[in-house]
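Down below is the structure, laid out as structure tokens.
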Amino acid sequence: MKKEHRLDYIERYEKRLHEFGYSPQTLGWGVHGRQEIRFSVLAEHALRRPESSVLDVGCGFCDLWEFLRSGGWRGHYTGIDIVPGLLEVARQRQPTLDIREGDITDSSFSLDEYDFVIASGIFNGALPGGGNELHIEAGLKRMFEHCRMATCVDFLTTNVDFKKPGAHHTDPAWARAVAKTLSRRVVLREDYMPFEFSIFLFRDDSISERNVYRRFENDQQKGSS
């Protein structure tokens with residue numbers, strides 16, 4: 114993210130934090146409990162592997178960690194964000210967590226590999242002067258580089274009849290095309306909320322002798338045993 118975009122982003126969230134405090138509204142979400150719906154979709158694969166590691170990009174208050182723990186997940190969690198105020202609240206609430214300040218698109222920002230890289234809402238703010246698509250491409254590429262199993266990201270869709278000022282809506286077909294440049298095995302979900310969607314990029318896109326994605330085939334065999 115360009116420096117001027119980063120500063121605008123930080124200012125936007127710090128202003129909301131001052132106004133709303135610890136609240137979904139600070140993160141740009143509504144007050145109707147839909148954050149947990151997003152988490153239930155994005156974290157589905159991590160919850161199936163309770164010992165897995167998760168990188169939460171744009172972690173905000175680290176609410177995703179609480180959601181994972183409530184679902185029986187007990188793996189290693191790392192949260193990163195670029196907004197100091199959000200991280201301060203997160204550290205006060207969860208002082209033992211691995212929480213870092215950094216920009217996922219900054220190549221100088223050092224990261225380990227994680228089983229799952231999850232990001233909720235980080236691409237939904239319009240950047241001043243445009244550049245959102247380049248930012249999304251860079252972000253998806255870097256996140257995928259650091260996942261061992263899958264990268265899971267949600268977006269606001271362009272298939273709406275109203276666009277909130279200051280928001281960026283992403284074309285699902287375009288997002289899928291970008292994802293397919295990184296992995297052949299991609300899932301696009303539009304089945305949980307009418308104006309949002311999620312993309313899942315799976316690391317293992319190898320194909321078996323039966324022309325089936327090998328990971329899917331293995332999971333099916335485990336489920337039938």
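Just so you know, we're using my numbering here: the sequence shown kicks off at 114 and counts up by one.
Every residue gets a Cβ at the ideal spot worked out from N, C-alpha and C, and that includes glycine.
Keep in mind that this is a model prediction, so the values were computed, not measured.
For the set V202, Q148 and H118, the Cα lying nearest the Cα of H131 is the one of V202. Note that the C-beta distance between I193 and V230 is not below 7 Å. Counted as a single uninterrupted DSSP element, the alpha helix (DSSP H) harbouring V154 occupies residues R147 to L155. Cβ atoms of Y190 and D211 come within 8 Å of each other, at about 7 Å. A straight-line Cα-Cα distance of about 13 Å links E164 and W178. A straight-line Cα-Cα distance of about 6 Å links I217 and G252. In terms of Cα proximity to R289, the closest of M306, G238 and I312 is I312. Burial state of I150 is exposed, judged by a 10 Å Cβ sphere holding fewer than 16 other Cβ atoms. In terms of Cα proximity to D274, the closest of L301, P307 and K293 is P307.
Below 8 Å, enough C-beta pairs join the stretch 310-330 and the stretch 260-270 to call them touching: three or more. Contact annotation: R147 and T139 have beta-carbon atoms that are not nearer than 7 Å. Under DSSP, the beta-bridge partners assigned to V230 are L168 and T264.
In the DSSP assignment, S311 falls within the beta strand (DSSP E) that extends over E309 to F315. If one requires a minimum length of 3 residues, the beta strand (DSSP E) runs lying completely within the stretch 167-207 are 167-170 and 190-194, in chain order.
Contact annotation: P278 and D121 have beta-carbon atoms that are not nearer than 7 Å. In the structure shown, L269 adopts extended strand secondary structure according to DSSP, grouped into three states. Contact check for M262 and A232: beta-carbon distance about 15 Å, past the 8 Å limit, so the pair fails to qualify. By the beta-carbon neighbour count (other beta carbons within 10 angstroms, threshold 16), F152 is buried.
As computed with DSSP, Y326 is found in a beta bridge with I320.
With 16 or more other CB atoms across the displayed protein chains lying within 10 angstroms of its CB, W186 is buried. Only residues of its own chain outside the window of five on either side were considered, and among them F174 and V202 have a CB closer than 7 Å to the CB of Y135, listed in chain order.
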